[in-house]
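Asker: Per the working numbering, the very first residue in the sequence shown carries number 1; after that it's consecutive.
Note that beta-carbon positions come from the ideal geometry of N, C-alpha and C, so glycine has one too.
Below you'll find the structure I mean.
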Amino acid sequence: MSKTIRLTMAQALTRFLSRQMTEIDGKTVPIFGGVWAIFGHGNVAGIGEALYQVRQELPTFRAHNEQAMAHAAIAYGKANFRRRFMAATSSIGPGALNMVTAAALAHVNRLPVLFLPGDVFANRIPDPVLQQAEDFSDGTATVNDCFRPVSRYFDRITRPEQIIPALSRAMAVLTDPAECGPVTLSLCQDVQAEAYDYPESFFAERVWHQRRPRPDRGELAAAAAALKGAKKPLIIAGGGVLYSQASDELAKFVEGAGIPVCETQGGKSSLPDNHPLNMAAVGVTGTSAANRLAEEADVVLAIGTRLQDFTTGSWALFKNSGKTIVGLNVQPFDAGKHRALPLVADAAEGLAELGAALGGWKAPSAWTDNSAAGKKAWQVDASKVTASTNAAFPSDAQVIGAVQRSMGSGVILLNASGGLPGELHKLWQAGAPGSYHGEYGFSTMGYEIAGGLGAKMAKPDREVVVMVGDGSYLMMNSEIATSVMLGLKLTIVVLDNRGYGCINRLQMATGGANFNNLLKDSRHEILPDIDFAAHATSLGAIAEKVPSIAGLENALQKAKTNDRTTVLVIDTDPLVSTDAGGHWWDVAVPEVSARPQVNAARKAYDEKRQMQSVGD
Numbered sequence: 001m002s003k004t005i006r007l008t009m010a011q012a013l014t015r016f017l018s019r020q021m022t023e024i025d026g027k028t029v030p031i032f033g034g035v036w037a038i039f040g041h042g043n044v045a046g047i048g049e050a051l052y053q054v055r056q057e058l059p060t061f062r063a064h065n066e067q068a069m070a071h072a073a074i075a076y077g078k079a080n081f082r083r084r085f086m087a088a089t090s091s092i093g094p095g096a097l098n099m100v101t102a103a104a105l106a107h108v109n110r111l112p113v114l115f116l117p118g119d120v121f122a123n124r125i126p127d128p129v130l131q132q133a134e135d136f137s138d139g140t141a142t143v144n145d146c147f148r149p150v151s152r153y154f155d156r157i158t159r160p161e162q163i164i165p166a167l168s169r170a171m172a173v174l175t176d177p178a179e180c181g182p183v184t185l186s187l188c189q190d191v192q193a194e195a196y197d198y199p200e201s202f203f204a205e206r207v208w209h210q211r212r213p214r215p216d217r218g219e220l221a222a223a224a225a226a227l228k229g230a231k232k233p234l235i236i237a238g239g240g241v242l243y244s245q246a247s248d249e250l251a252k253f254v255e256g257a258g259i260p261v262c263e264t265q266g267g268k269s270s271l272p273d274n275h276p277l278n279m280a281a282v283g284v285t286g287t288s289a290a291n292r293l294a295e296e297a298d299v300v301l302a303i304g305t306r307l308q309d310f311t312t313g314s315w316a317l318f319k320n321s322g323k324t325i326v327g328l329n330v331q332p333f334d335a336g337k338h339r340a341l342p343l344v345a346d347a348a349e350g351l352a353e354l355g356a357a358l359g360g361w362k363a364p365s366a367w368t369d370n371s372a373a374g375k376k377a378w379q380v381d382a383s384k385v386t387a388s389t390n391a392a393f394p395s396d397a398q399v400i401g402a403v404q405r406s407m408g409s410g411v412i413l414l415n416a417s418g419g420l421p422g423e424l425h426k427l428w429q430a431g432a433p434g435s436y437h438g439e440y441g442f443s444t445m446g447y448e449i450a451g452g453l454g455a456k457m458a459k460p461d462r463e464v465v466v467m468v469g470d471g472s473y474l475m476m477n478s479e480i481a482t483s484v485m486l487g488l489k490l491t492i493v494v495l496d497n498r499g500y501g502c503i504n505r506l507q508m509a510t511g512g513a514n515f516n517n518l519l520k521d522s523r524h525e526i527l528p529d530i531d532f533a534a535h536a537t538s539l540g541a542i543a544e545k546v547p548s549i550a551g552l553e554n555a556l557q558k559a560k561t562n563d564r565t566t567v568l569v570i571d572t573d574p575l576v577s578t579d580a581g582g583h584w585w586d587v588a589v590p591e592v593s594a595r596p597q598v599n600a601a602r603k604a605y606d607e608k609r610q611m612q613s614v615g616d
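Set out below in structure tokens:
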């Protein structure tokens, strides 16, 4: 009979997590970078005690907000290209539900994170326990069921031995390139403290490696034949290129075949911005160089992308009626979208074999030369909108230009939601793979600062610059204090346009009145005058409000030598966005309205919808 060790369920769980390893650059390292925890009655006595026992092997980090700590954990996994990840534990009830938004973010972006929320008593004797939401018709339901639709794998642990198969399944999902996403193990609080005789073999060290499936021969032949017949081929690089660490293979492939590349939000930095075949951003927030090619392309090789509406211009961007899409993706669900020829494979392996199958074929030189001319024209437009200015209220693009000039392309630039992702997608000149860290899959306000913290934990030797709007800052800023506490320096640039400027612009574009977005257009007795610099200072950061673009550049230079997180605030214009580039986006406009502006917008909307390729 195998040897056993008597542990509580929580102790077994944390010991197991501490023994899971991965290999990076020839070194075996823990696959879990640690556990984020906010303790309450539903987890402090169980998993809290267990984490204390393994605090040297599996470090625990304290945060100030459950959603924020989960964002930090997710950003850590993203910055590590999914090779390492973290866990997050909360108490029952509101603490657990605070993490559901983050779970959805990880689900949409295919990012690994392990959620360990506390739950009700499995024995039900003290029911209803504090923070239990009772279902009048279902005695098994708890608030943690909200995690089910936003988890790749969900399990409720009602007996201590159930953790054995549950953790095995959790690790399989977290490390699988196709299934990868959030895992939730809902931990009944009495069961956390129950003991069981666990087999010692359960705690043996295991090294997990990244699976790299190779393409099916038939799918490979079909994809190669489609490309060989192309006159105007185009590649869309998605996040899967980065998760696969396939940037070198992508560069080799495009240089060999002369095919221009454009990038999704998730795929930005797959190639450096200065690569001659990188046309940069595509779609609604795309460059003119990329979108012009997308309109004409007859074969589109979509690598590691979900082909969401911002990428496809709500399926109105690709105007060539005879086009063929080839979906190179490790996940069959994504590979076959929109009648694509599926090429189910790891991005690096798929590109290598597809390149070999092309046998030296190259795209027509006129097409490649045309793309280069388009890139030069775009660079002229981009340099104009990002140039320095003396304006009292500069545009987001002008602030981006200042950050780029001061910090360079070697930093990790992090952003999410609002107007900044669109401007940065077009205008930021990314460097090495992963140097652009955008969360636009779920477009989650509040991700920025917490995500910056997670990215810094993953890459402590890199400079992490967070760009965030005032609205998102107000939603979630607590982890400034955590970054100071942990000695993880961030440079945070807050663009204050006094409201939700991006949605205000969309409201105006769809014929709506300026209403409830900018602070001045919201119901108020007194307009708030928020001192963001003073607030950030109160959290322990070095903070300053700068008066101009020149002042921002000077402050950014000083921030490089600061010993802790620095927050720089600058007033910006809420009404200005970059006209160059971009594409229509399907946002439904009311069919009837008392406002003539809405009726006019509806007429324009109906005309634009005619461009959509239904069924693609």
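Going by DSSP, what residue range makes up the alpha helix (DSSP H) through residue 471?
Answerer: Segment 470-475, the alpha helix (DSSP H) holding residue 471.
Asker: Which ranges does the beta strand (DSSP E) cover as unbroken runs of at least 3 residues, wholly within the segment 283-339, from first to last along the chain?
Answerer: You should have 299-303, 324-329.
Asker: Could you compute how far the alpha carbon of residue 549 sits from the alpha carbon of residue 558?
Answerer: Taking the straight line from one Cα to the other gives about 14 Å.
Asker: Since residue 119 and residue 156 are thought to touch, with beta carbons under 8 Å apart, how far apart are those beta carbons, to the nearest angstrom?
Answerer: Between residue 156 and residue 119 the Cβ distance is about 6 Å, and since that is below 8 Å, they are a contact.
Asker: Could you pull out every residue in the same chain whose Cβ sits closer than 8 Å to the Cβ of residue 440, ignoring the five residues on either side in sequence?
Answerer: Result list for residue 440: 265, 266, 310, 416, 417, 421, 425, in chain order.
Asker: Would a C-beta distance cut-off of 8 Å place residue 88 and residue 73 closer than the cut-off?
Answerer: Yes, these two residues count as a Cβ contact at 8 Å.
Asker: When the Cα atoms are used, what is the spatial distance from residue 608 to residue 460?
Answerer: In a straight line, the C-alpha of residue 608 is about 46 Å away from that of residue 460.
Asker: Return yes when the Cβ of residue 270 is within less than 8 Å of the Cβ of residue 241, no when it is not.
Answerer: The answer is yes: Cβ separation under 8 Å.
Asker: Across which residues does DSSP place residue 439 in a beta bridge pair?
Answerer: Residue 439 pairs with 416.
Asker: Rounding to the nearest angstrom, what Cα-Cα distance links residue 278 and residue 272 in this structure?
Answerer: Roughly 7 Å separates the two Cα atoms.
Asker: For residue 519 and residue 470, what's the separation of their Cα atoms in angstroms?
Answerer: Those two C-alpha atoms are separated by around 11 Å.
Asker: What's the C-alpha gap between residue 318 and residue 368?
Answerer: Computed Cα separation, rounded: 18 Å.
Asker: Under 8 Å between the Cβ atoms of residue 626 and residue 413?
Answerer: Outside the shown range of the chain, which is 1 to 616, sits residue 626, and nothing can be said about it.
Asker: Along the chain, where does the alpha helix (DSSP H) that runs through residue 72 open and close?
Answerer: Residues 66-79.
Asker: Rounded to the nearest angstrom, how far is the Cβ of residue 43 from that of residue 210, given a contact under 8 Å?
Answerer: Going by Cβ atoms, the distance from residue 43 to residue 210 rounds to 31 Å, so no, they are not a contact pair.
Asker: Are the segment 142-156 and the segment 182-191 in contact at 8 Å, needing three or more beta carbon pairs?
Answerer: With a cut-off of 8 Å, the segment 182-191 and the segment 142-156 count as touching, because enough Cβ pairs lie within range.
Asker: How far does the beta strand (DSSP E) with residue 378 in it reach, from first residue to last?
Answerer: From DSSP, residue 378 is part of no beta strand (DSSP E) but of the alpha helix (DSSP H) over 365-385.
Asker: For the segment 10-20 and the segment 52-65, state whether three or more C-beta atom pairs, one from each stretch, are separated by less than 8 Å.
Answerer: Yes: the two stretches touch, three or more of their Cβ pairs being nearer than 8 Å.
Asker: Whole angstroms is fine: what's the gap from residue 190's alpha carbon to residue 153's?
Answerer: Straight-line Cα distance between these residues: approximately 22 Å.
Asker: Which runs of the alpha helix (DSSP H) spanning at least 4 residues fall entirely within the segment 174-257, listed in chain order?
Answerer: Qualifying alpha helix (DSSP H) stretches, in chain order: 189-192, 217-228, 239-243, 247-257.
Asker: Quick one, which of 98, 349, 406 has its alpha-carbon nearest residue 117's?
Answerer: Nearest of 98, 349, 406 to residue 117, Cα basis: 98.
Asker: When you compare only the Cα positions, how much space is there between residue 349 and residue 213?
Answerer: Their backbone Cα atoms lie some 7 Å apart in a straight line.
Asker: In whole angstroms, what is the alpha-carbon distance linking residue 476 and residue 47?
Answerer: In a straight line, the C-alpha of residue 476 is about 26 Å away from that of residue 47.
Asker: If you reduce the DSSP assignment to three classes, tell me which class residue 11 lands in.
Answerer: It is helical.
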